[in-house]
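Residue numbers (the numbering used here): -10 to 100. Cβ coordinates follow ideal geometry from the N, Cα and C atoms, glycine included. All values reported here derive from a predicted model rather than from experimental measurement. One structure is given here, and the rest of the page talks about it.
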Ligand SMILES: [Cu+2]
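Right, dumping it as structure tokens:
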């Protein structure tokens, strides 16, 4: 009897937690890439299509986040202290760089 009511309680709890619509996948997430010391942190970011990435520039000069290929980020110059966001749509692996400092490189992996 106790086991049965426990099972019913668990089922009710599961229903209460389930979010309509996007339940299987989870809601889109927002990820942050910090730009600091002439680096993108993290250097590799994995995310899902539908997620958003925000680059926050903590350096005292501008940077860009510019992908080598279509479907990746293509920012304007992100001023010191500013941020820029990008909504990931197309799956793929997108190496990107700062066009102002071309040794600054990182990768977005959109799954
Ligand atoms: Cu830069």
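Taking C-beta atoms under 8 Å as the contact rule, residue 56 and residue 40 fail to qualify, at a distance of about 16 Å. Using a cutoff of 7 Å, the CB of residue 20 does not count as near ligand 1, since none of the ligand's heavy atoms is closer than that. Contact annotation: residue 95 and residue 38 have beta-carbon atoms that are not nearer than 8 Å. Burial check for residue 29: the Cβ neighbour count within 10 Å reaches 16 or more, so the residue is buried. Residues whose Cβ lies closer than 6 Å to any heavy atom of ligand 1, listed in chain order: 52, 87, 89, 90 and 93.
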